[in-house]
Amino acid sequence: MKQSNKSYVKRQYIIIGIFAVVGIIYLIRLFSLQVFDRELKQNAYNNVLRYVTQYPARGKVFDRNGKLLVYNEAVYDLMVVPSEVRDMDTAEFCRLVNISHETFKERLSKARKYSRIKASVFVGQISKEDYAHIAEVLYRFPGFYFQTRTLRHYPQAIAAHTLGDIGEVNKEEMAADSYYKMGDYIGKSGIERFYEKELRGKKGLKVVMVDVHNKEKGSYLDGALDSLPVPGKDIYLGLDADLQAYGEQLMHGKIGSIVAIEPKTGQILAFVTSPSYDPNLLVGRVRGENYTMLLNDPEKPLLNRAISGTYPPGSTFKMVNGMIALQSGSITPATQFHCNGQASTPIKCTHSHGSSPDLANAIENSCNPYFYEAFKTTINNPKFGSIKKGFEYWCQMAHNLGLGHRFDTDIPYESTGNIPTVEDYDKMYRGSWNSVTIRSLGIGQGEILVTPLQLANIAAVVANEGYYYPPHFIRAFGDSTAVPEKMTTRIETGIEARHCKVIKAGMRSVFEGGHGTARGSKIPGISAGGKTGTAQNPHGDNHSIFIAFAPVEDPQIALAIVIENGGYGSTWAAPIASLMMEKYIKGYTERPAVEERMMNGTINYNIKKKK
Amino acid sequence: MTDRNSIIGKVDWPILLMYFALVVIGWLSIYSAGMSEGHHAIYDMTQFCGKQMMWIGIAMAAGFVILILDAKLFDAFSFWIYAVVVFLLIVVLVYGKATNGATSWIDFGGFKLQPSEFAKLGTALAVASLLGKQDTDLQQRKTRLKVYALILAPAALVLLQHDAGSALVFASFIFVLYREGMPGAGAVMLLAAGALAVFVLTLVWSVKVMCIVLGVLFALTLLYYLLNKKKGLWRMVAVYAFLIALVFSVDYAFYHILEEHQRTRFEILLKLKDDPQGDGYNLHQSKIAIGSGGFWGKGFLNGTQTKYDFVPEQHTDFIFCTIGEEGGFKGSFVVILLYVGLLVRIIKVAERQRLAFSRIYGYSIAGILFVHVAVNIGMTIGLVPVVGIPLPFLSYGGSSLLAFTVMLAIFLKQDANRLNILS
Chain A
826 MKQSNKSYVK RQYIIIGIFA VVGIIYLIRL FSLQVFDREL KQNAYNNVLR
876 YVTQYPARGK VFDRNGKLLV YNEAVYDLMV VPSEVRDMDT AEFCRLVNIS
926 HETFKERLSK ARKYSRIKAS VFVGQISKED YAHIAEVLYR FPGFYFQTRT
976 LRHYPQAIAA HTLGDIGEVN KEEMAADSYY KMGDYIGKSG IERFYEKELR
1026 GKKGLKVVMV DVHNKEKGSY LDGALDSLPV PGKDIYLGLD ADLQAYGEQL
1076 MHGKIGSIVA IEPKTGQILA FVTSPSYDPN LLVGRVRGEN YTMLLNDPEK
1126 PLLNRAISGT YPPGSTFKMV NGMIALQSGS ITPATQFHCN GQASTPIKCT
1176 HSHGSSPDLA NAIENSCNPY FYEAFKTTIN NPKFGSIKKG FEYWCQMAHN
1226 LGLGHRFDTD IPYESTGNIP TVEDYDKMYR GSWNSVTIRS LGIGQGEILV
1276 TPLQLANIAA VVANEGYYYP PHFIRAFGDS TAVPEKMTTR IETGIEARHC
1326 KVIKAGMRSV FEGGHGTARG SKIPGISAGG KTGTAQNPHG DNHSIFIAFA
1376 PVEDPQIALA IVIENGGYGS TWAAPIASLM MEKYIKGYTE RPAVEERMMN
1426 GTINYNIKKK K
Chain B
159 MTDRNSIIGK VDWPILLMYF ALVVIGWLSI YSAGMSEGHH AIYDMTQFCG
209 KQMMWIGIAM AAGFVILILD AKLFDAFSFW IYAVVVFLLI VVLVYGKATN
259 GATSWIDFGG FKLQPSEFAK LGTALAVASL LGKQDTDLQQ RKTRLKVYAL
309 ILAPAALVLL QHDAGSALVF ASFIFVLYRE GMPGAGAVML LAAGALAVFV
359 LTLVWSVKVM CIVLGVLFAL TLLYYLLNKK KGLWRMVAVY AFLIALVFSV
409 DYAFYHILEE HQRTRFEILL KLKDDPQGDG YNLHQSKIAI GSGGFWGKGF
459 LNGTQTKYDF VPEQHTDFIF CTIGEEGGFK GSFVVILLYV GLLVRIIKVA
509 ERQRLAFSRI YGYSIAGILF VHVAVNIGMT IGLVPVVGIP LPFLSYGGSS
559 LLAFTVMLAI FLKQDANRLN ILS
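So the protein lines, in turn, are chains A and B.
If you count by my numbering, then the first sequence holds residues 826 to 1436, one letter each, in order.
If you count by my numbering, then the second sequence holds residues 159 to 581, one letter each, in order.
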């Protein structure tokens, strides 16, 4: 051993000391990082945990017979993660997904520009068939994978307005309900909107761990924090898909609407507004574009005329006046009023019939002077004390019959229509008015405005002989939960059944009587009641209106039809109504000539289509 | 040749056991860190852990061969070994492959070698051999110059590969020189520590503040010297002059001598710059991983930060993150204790050697291991700038594991042979 090193032996302790001190410093540092620093632990969670929303399947919508109206269709987006794309047979890939080589290069570079490690859509909305075909060999093309999405799909392309559509939530909707997050879908109109809470189900949550590239690596804590999505409820509507489709066919080339109600329940059987559109247009990525297109269409296909269109009811209102006059005791079924035909004052009669009809006759012939007299007699009835009191009674009864207000069931955006009040006339005529001033009300003109839905309800009231259920779409929920009570609550109009029976008989003779205004539309083998209306329209040709129900003995269907500018009620509305009722009751029709004439008939509206 | 049974009886078991413990911990950590690509068998040769297992086998076989070789061989061939590694370092400069900005690999047809790992071993042997000679006297300037040359030549070549971290390791020879009584080695250590402190503090505070601090310190020391009539006043003044000069040159050194990435790493370490997504990413994620381990750790294979690639280089230079995350403070404590235990044991074993060569060699490898461990773990916990050097025995990498194992095996062989040496 070299001597010179003897004196330095103690230096080993200095060196050991340095090692030990560094070790201790590191342990202190580690202790502070690992035991005291909470922020680092939180950062670690933020790094690695992603909260992934599990979207529930939206409820399906069926018609009254279980026919599918709306369902979720899986569409597949072919996604690409550019950083994972390897050398591959590009030519085969292009053939497979049916794109050109140029498109391929273009899309790949676009995806690269967006992000090399985040997925972007390479080919969107691939059909189920193509998906199966491509998925089989996709493993050979690393970096590509499928992402499933669901879109609403309408297999029959009918009842667009009724079913409504869904779209991304906007700020207001998010503010109103914290359930919704950016990018969620919500019912925007129709059934989709009204039954949003039932249809949407409940979102689930999955906590997953991700790596630095945001790639899923598995569930966190074996899914202890996860919640499964609850699928939305299926909905069964009262709608009859076949009748609805038939109605839409009949209304082709015409502007107007058909509302058909099952009188015994208030369920809507058909809800046609024309022109309409294919509900599949407002789905997915084309929604915005198509919406703008429909919005700019001069025929206003987005307008739901069955509830937003308000029309003077014309002669169809004679039922209302007849019922109110009977109920108030102002007339009896046998009461006759004199008709001078064209020479009658203050309202002339447009139909030729016997000079002094009774109520049933008057309905059959749609005698204007009769109903003017009946109306006058009612509001001037001495039992009310004054004309204003009489008129208030009349208003109240009209209200009871479902006019002048919304039903407020599951039909969104209803118009109230209009039933003028005493105040209205006081204002209009500075307090000085009488039954002659407001005589137009007697024949359903003047200030009265009704929606086709309200008209259909009048038909239902007559068919039910005095009561109705508020018209609504819902029939049942898929999980058998009760439909809202409001829709199953029978409403009494205050018109007694015996009075209704008289009206009913009159309406029956509209089809079956010798002078009946709809005698040309008689349904073979079915007894029906109806009433034509020809509403004067200051903007153009008269609107053709018809309300009806059938069969008279046990009404299954009550409906109202408005054909804008269609002229006489008997020209368009009555034949279409008769076909609708026949179709619904029999399941088929036996009058091909009428059917063909109605389906192919178009009305020239002279609306210039913007290009 | 010593026979097999006797070598097993003579080998220093504490060192060997601590070595085995570290290698196994490293292997398991590499396995865990590699789990992000799905479950693989620990021996799957396509994975890092499988390859590491192969390297463990090769390294241990090499170590075993060394243990049955003649102990005298290493002293005798030390300069030849040194010459070979220096030659390899030159080859790397000419033919090397670049990874992470450093050109440090030689590719032998798919088999990659990192000569800088072996350069430390060669240098340790050469230094031990030179200083161990009976006629070598560190008090002589000529001897000291020879030692400097031996150490600085490979260090310079490594620096030329832009591998500053590995070059830095050669500074570890200051420990052995200090132990061997080289004049001024202690002072250099102190001065280096002081200079480092001044450098860091100047960056953190400012030149002005540092001048005031040093001025006050100087005044106090001067007062002390004058009152106690101490000698060496001029030397003290020179040291302060050096430090003041350093303060003024820090800016220059920082912006002109350090390379861009080295500067950034300093800035991030000293919190002069905060950029967790960019240059500070490694350190930030490394601290998150270690910090998230807590006291008990998340458990083997349960780490999320290291496994899911948040920590870069997690199986090589940042392997300690996996230990910190999955083993928690408990695991970190065990590993640090193993390292300190190993180092202290090497020093104690070195001190019992009869041959100067063996003692000096022991101190050399203790120094090398210490710098590796201190710098590597220090960077993962934010005490040292990010420098890419491996954690001995734990980090993934064949060259590193092989070099450290051989390094340790030679020392064990010298120790096992010590009783055969006549003093």
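Using N, Cα and C, we set each Cβ at its ideal position, and we do this for glycine too.
None of these values were measured; they are calculated from a predicted model.
For this session: Quick one: grab the DSSP three-state call for LEU1082/A.
Result: As written in the sequence, residue 1082/A is Ser, which differs from the Leu given in the question. DSSP places SER1082/A in the strand class (E or B) of the three-state scheme.
For this session: Give every residue of the same chain whose Cβ lies closer than 6 Å to the Cβ of HIS1230/A, excluding the five residues on either side of it in the sequence, and list them in chain order.
Result: THR1241
For this session: Using the DSSP secondary-structure output, state which residues sit across from ARG977/A in a beta bridge.
Result: Assignment of beta-bridge partners to ARG977/A by DSSP yields ASN897/A.
Exercise. Using the C-alpha atoms, what's the distance from ILE523/B back to MET565/B?
Worked result: 7 Å
Exercise. Hey, how far is the Cα of ILE1401/A from the Cα of SER940/A?
Worked result: SER940/A has its alpha-carbon roughly 59 Å from the corresponding atom of ILE1401/A.
Problem set entry | For ILE1188/A and SER1260/A, the rounded distance between their alpha carbons | Distance between the alpha carbons of SER1260/A and ILE1188/A is about 21 Å.
Problem set entry | Beta carbon proximity, GLU509/B to chain A, threshold 8 Å | yes
For this session: Compare the beta carbon distance of GLY280/B and TYR240/B with 8 Å and say whether it is the shorter of the two.
Result: yes
Exercise. If you drop the 5 nearest sequence neighbours on each side, which residues of the same chain put their C-beta closer than 8 Å to that of ILE216/B?
Worked result: GLY556 and LEU560
Exercise. Cβ of VAL860/A less than 8 Å from any chain B Cβ?
Worked result: Answer yes: the Cβ-Cβ gap between VAL860/A and chain B drops below 8 Å somewhere.
Problem set entry | For GLY1091/A and LEU1274/A, the rounded distance between their alpha carbons | 22 Å
Exercise. Of the choices ASN1429/A, LYS1408/A, PRO1295/A and TYR1430/A, whose alpha-carbon is the least far from that of GLU1420/A?
Worked result: LYS1408/A
Exercise. If we ignore side chains and look at the alpha-carbon of each, how far apart do LEU1127/A and ASP1009/A end up?
Worked result: 24 Å
Problem set entry | Run of the beta strand (DSSP E) containing ILE1372/A, from where it starts to where it stops | 1368–1375
For this session: Determine the direct distance from the alpha carbon of LYS1173/A to that of PHE887/A, and round the result to whole angstroms.
Result: 49 Å
For this session: List the DSSP bridge partners of THR1359/A.
Result: DSSP, once it has assigned bridges, lists SER1369/A as partnering THR1359/A.
Problem set entry | Beta carbon proximity, GLY482/B to chain A, threshold 8 Å | yes
Exercise. Are the segment 1349–1358 of chain A and the segment 1293–1310 of chain A in contact at 8 Å, needing three or more beta carbon pairs?
Worked result: no
Problem set entry | Cβ neighbour criterion (16 or more within 10 Å) applied to ALA567/B | buried
Exercise. How many angstroms separate the CA atom of PHE551/B from the CA atom of ALA355/B?
Worked result: 30 Å
Exercise. Roughly how many whole angstroms lie between the Cα atoms of LEU527/B and TYR383/B?
Worked result: 39 Å
Problem set entry | DSSP state of GLN297/B mapped onto helix, strand, coil | coil
Problem set entry | Below-8 Å beta-carbon distance, ALA532/B vs any chain A residue | Yes, ALA532/B lies at the interface with chain A (some Cβ there is under 8 Å from its Cβ).
Exercise. With 16 as the cutoff for other CB atoms within 10 Å, does GLN828/A come out buried or exposed?
Worked result: At GLN828/A the pLDDT is 43, less than 50, meaning the model places this residue with poor confidence; the figure from the coordinates comes in the next sentence. Per the 10 Å Cβ criterion, exposed.
For this session: Could you have a look at SER274/B and say whether DSSP puts it in helix, strand or coil?
Result: helix
For this session: Could you check what DSSP says for ASP1002/A in three-state terms: helix, strand or coil?
Result: coil
For this session: Answer yes or no: do PHE1209/A and ASN1146/A have a C-beta to C-beta separation smaller than 8 Å?
Result: Not closer than 8 Å, so no.
Exercise. Going along the chain, which residues of the segment 449–463 of chain B sit with their C-beta nearer than 9 Å to a C-beta in chain A?
Worked result: GLY449, SER450, GLY451, GLY452, PHE453, GLY455, THR462 and GLN463
Problem set entry | Per DSSP, cross-strand counterpart(s) of ALA1301/A | TYR1061/A
Problem set entry | VAL1309/A classed as buried or exposed, judged by whether at least 16 other C-beta atoms fall within 10 angstroms | Per the sequence shown, residue 1309/A should be read as Pro rather than Val. With fewer than 16 Cβ atoms within 10 Å of its Cβ, PRO1309/A is classed as exposed.
Problem set entry | Residue from LYS930/A, GLU898/A and PRO1296/A with nearest C-alpha to VAL910/A | LYS930/A
Exercise. Buried or exposed: which applies to SER1014/A, given that a residue is buried once 16 or more other Cβ atoms fall within 10 Å of its Cβ?
Worked result: Buried.
Exercise. Between which two residues does the alpha helix (DSSP H) harbouring GLY1242/A extend?
Worked result: Per DSSP, GLY1242/A lies in no alpha helix (DSSP H) segment and is marked neither H nor E.
Exercise. Out of curiosity, what's the CA-to-CA distance linking ARG1315/A and ALA1223/A?
Worked result: 17 Å
Exercise. Taking buried to mean at least 16 other C-beta atoms within 10 Å of its own C-beta, is TYR497/B buried or exposed?
Worked result: buried
Problem set entry | Contacting positions in the segment 1048–1069 of chain A - beta carbon closer than 8 Å to chain B | So nothing in the stretch comes that close.
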